[in-house]
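I have placed the structure first, in the form of structure tokens, so that the comments after it can refer back to it.
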Amino acid sequence: MTTTEGKPPQEKKRARLITGPGMLLVWLYGVMVVGAVSRSIVQISTEFEHAPLAYSLSALAGVVYGFITYSLVRGGETARKAALVCCAAELAGVLVVGTWTLIEPSAFPDATVWSDYGMGYLFIPVLLPITAMYWLRKNARQRDAA
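Counting in this note's numbering, the sequence shown runs from -19 upward without gaps.
Take a look at the structure:
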């Protein structure tokens, strides 16, 4: 049987978040996961004492990117809400760290993923959460209208 009638709501098929532009978001977040995590692993394992704050923030960024990627792939309303909250936290982190690196550059002897609002990553770290939040909210409205 392939119907979902009579099954509890959690067993019903999850609403997909990775259709259309959502697939591009998953791909971009996946690239950011690989970039941030691999960079921070190398930096933490080889020169952590040089810039512990910067390297720890890059590792945190990688974890946040990973969770958002997982939530987008998982799908469903709970995952959509979790991704939305994480994207808002990511944007706040980018804005705080980006501003901090401009105001007090001495606190960051080496760059983080979020330094200068993600300039080293073509500003993707500041644009990606804005785009993702727009997509997640639009996706919810479209689903509610259907």
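For every residue, glycine included, the Cβ atom is placed at its ideal position computed from N, Cα and C.
Following the DSSP letters along the chain, one finds L8 inside the alpha helix (DSSP H) bounded by residues P1 to E27. It is roughly 19 angstroms from the alpha-carbon of F47 to the alpha-carbon of Y35.
In the three-state reduction of the DSSP assignment, V93 falls in the coil class, being assigned neither a helical nor a strand state. With 16 or more neighbouring CB atoms inside 10 Å of its own CB, S51 falls in the buried class.
In summary, G0 is exposed, with fewer than 16 beta-carbon neighbours lying within 10 Å of its beta-carbon over all protein chains present. With fewer than three CB-CB distances shorter than 8 angstroms, the region 52 to 64 does not count as touching the region 95 to 110. Look at L108 here: in three-state DSSP terms it is helix. Burial is judged here by how many other beta carbons sit within 10 angstroms of a residue's own beta carbon; A87 has fewer than 16 and is exposed. Within its own chain, the residues whose Cβ lies closer than 7 angstroms to the Cβ of V6, once the five positions on either side in sequence are excluded, are I(-2), T49, L52 and V53, listed in chain order. Remark: C-beta atoms of A63 and A41 do not approach each other more closely than 7 angstroms. Fewer than three Cβ pairs drawn from the region 9 to 29 and the region 74 to 83 lie within less than 8 angstroms of each other, which leaves the two stretches out of contact. Burial check for A39: the Cβ neighbour count within 10 Å reaches 16 or more, so the residue is buried.
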